[in-house]
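First the structure, in the form of structure tokens, and then the observations on it.
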Amino acid sequence: MNFELTTLSLSAASSQKCDALIVLVPEGVKPGKDAVSAILAQALKSGDLELKAGKNLQMYASPLIAARRVILAGTGDGSARGVRQALAGVANVLKSPKVKKAVVVFAGKSSADAVAVAVQCCADLGYVYTTTKTKAEPVALARLVVGVEDAGKVKASFDMACAIAKGVEFAREWANRPANHATPTLLANAAKGLVTTGITCKVHGPAEVARLGMGAFMAVSQGSAEQLRFIELRYNGAAKSEAPVVLVGKGITFDTGGISLKPAAEMDEMKFDMGGAASVLGCSRRLPSCVPRSTWSG
1174 MNFELTTLSL
1184 SAASSQKCDA
1194 LIVLVPEGVK
1204 PGKDAVSAIL
1214 AQALKSGDLE
1224 LKAGKNLQMY
1234 ASPLIAARRV
1244 ILAGTGDGSA
1254 RGVRQALAGV
1264 ANVLKSPKVK
1274 KAVVVFAGKS
1284 SADAVAVAVQ
1294 CCADLGYVYT
1304 TTKTKAEPVA
1314 LARLVVGVED
1324 AGKVKASFDM
1334 ACAIAKGVEF
1344 AREWANRPAN
1354 HATPTLLANA
1364 AKGLVTTGIT
1374 CKVHGPAEVA
1384 RLGMGAFMAV
1394 SQGSAEQLRF
1404 IELRYNGAAK
1414 SEAPVVLVGK
1424 GITFDTGGIS
1434 LKPAAEMDEM
1444 KFDMGGAASV
1454 LGCSRRLPSC
1464 VPRSTWSG
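In my numbering, the protein residues as written are 1174 to 1471.
Structure below.
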């Protein structure tokens, strides 16, 4: 999903061509005289809209509004928590196969935290696992525009939220894959695909791991027909005087330890034993654009 941040008033939101215009409305809002504010004022006056977080009113747009559909969503006190509840309440709209572009506009002031939550929440709703499913269809939503009163004040938080969303998507994808689609070799190749400016990747095989004295790791790998891989990603973007940050993620692609003693129920969940490594790889996917320094290992 592509995200865009823009300075957007309710008046300007009226001219946004999209499949769904979602207006996040906090308590105490004072509607103006534009087309969007007019229907907001009418909804509040008639009692059809509650501004409690999670409550919403869905309607088709008027001739004065370019969007195909308008959703007024209450955010309560307008906090990040309220924004999350509001967007969760319109998940059915964002997941609709007919919604390819959506605009989320804040009615009034918006905090940096609220904007970040809006991005992350929509990204979560847009993720669907499809790799090994023959009938699963991805969410149609491909572009989301976030409109705020002053884009410049929240741009840093917006950029960080977009980076986090990309990393979370990567981690979820690899954690969800069954073991035969997330072998040590496949995971190592995925790590190599993350190499970009400032990032290097080194994949250690059995011989290198033996020289490092990683006996426990080698012992665990004996339960697999495929040889182990130890992935080391490095990002060097800070001064030499700064201490490195090290992230270490467990990457056992399927936990077979004591398999003869474990009940069969929920055995498939052992594939999540590499969730730590998936999280570290997710961090490295976009963090160079947001964080000035770091060293990762996983």
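Positions of the beta carbon are idealized from the N, C-alpha and C atoms, including for glycine.
Task: Opening and closing residue of the beta strand (DSSP E) in which residue 1303 lies - done: Note, residue 1303: premise wrong, no beta strand (DSSP E); not H, not E.
Task: Three-way DSSP call (helix, strand, coil) for residue 1333 in this model - done: helix
TODO: Determine, using beta-carbon pairs with one atom in the region 1199 to 1209 and one in the region 1274 to 1290, whether at least three such pairs fall under 8 Å.
DONE: Yes: at least three Cβ pairs fall under 8 Å.
Task: Of the residues 1225, 1198, 1226 and 1227, the one placed nearest residue 1213, counting alpha carbons only - done: Closest option to residue 1213, Cα to Cα, is 1198.
Task: Pairwise C-alpha distance: residue 1274 and residue 1190 - done: It is roughly 9 Å from the alpha-carbon of residue 1190 to the alpha-carbon of residue 1274.
- [ ] Identify the continuous alpha helix (DSSP H) that holds residue 1444 and give its terminal residues.
- [x] Premise fails: residue 1444 is in no alpha helix (DSSP H) and is neither H nor E.
- [ ] Indicate the three-state DSSP secondary structure (helix, strand or coil) for residue 1232 in the structure shown.
- [x] When DSSP states are grouped into helix, strand and coil, residue 1232 belongs to the strand group.
Open item on the list: Our contact map puts residue 1342 next to residue 1296 with C-beta atoms below 8 Å; I'd like the distance itself, whole angstroms only.
Closed with: 7 Å
- [ ] Under 7 Å Cβ to Cβ from residue 1256, same chain only, skipping five residues before and after it: list those, please.
- [x] 1197, 1248, 1287, 1290 and 1291
Open item on the list: Suppose contacts are defined by Cβ-Cβ distances below 8 Å. Is residue 1382 in contact with residue 1401 by that definition?
Closed with: Yes, Cβ-Cβ distance for residue 1382 and residue 1401 is below 8 Å.
Task: Beta-carbon proximity of residue 1259 to residue 1246, cut-off 8 Å - done: Yes, Cβ-Cβ distance for residue 1259 and residue 1246 is below 8 Å.
Task: Where residue 1212 falls: helix, strand or coil (DSSP) - done: In the structure shown, residue 1212 falls within a helical segment according to DSSP collapsed to helix, strand and coil.
TODO: Could you tell me whether the region 1385 to 1397 touches the region 1306 to 1324, where touching means 3 or more Cβ pairs closer than 8 Å?
DONE: no
Task: residue 1316 versus residue 1178: straight-line alpha-carbon distance, rounded - done: The C-alpha of residue 1178 is placed about 11 Å away from the C-alpha of residue 1316.
Open item on the list: If the criterion is Cβ atoms closer than 8 Å, does the pair residue 1371 and residue 1408 meet it?
Closed with: yes
Open item on the list: Less than 8 Å between the C-beta atoms of residue 1312 and residue 1268, yes or no?
Closed with: It is a contact, given that the beta carbons lie within the stated cut-off.
Task: Minimum C-alpha distance to residue 1356 - residue among 1445, 1254, 1239 and 1217 - done: 1445
Task: Identity of the residues DSSP links to residue 1225 by a beta bridge - done: In the DSSP output, where bridge partners are listed per residue, residue 1225 has none listed.
Open item on the list: Applying the 10 Å Cβ sphere with the 16-neighbour rule, what's the burial state of residue 1293?
Closed with: buried
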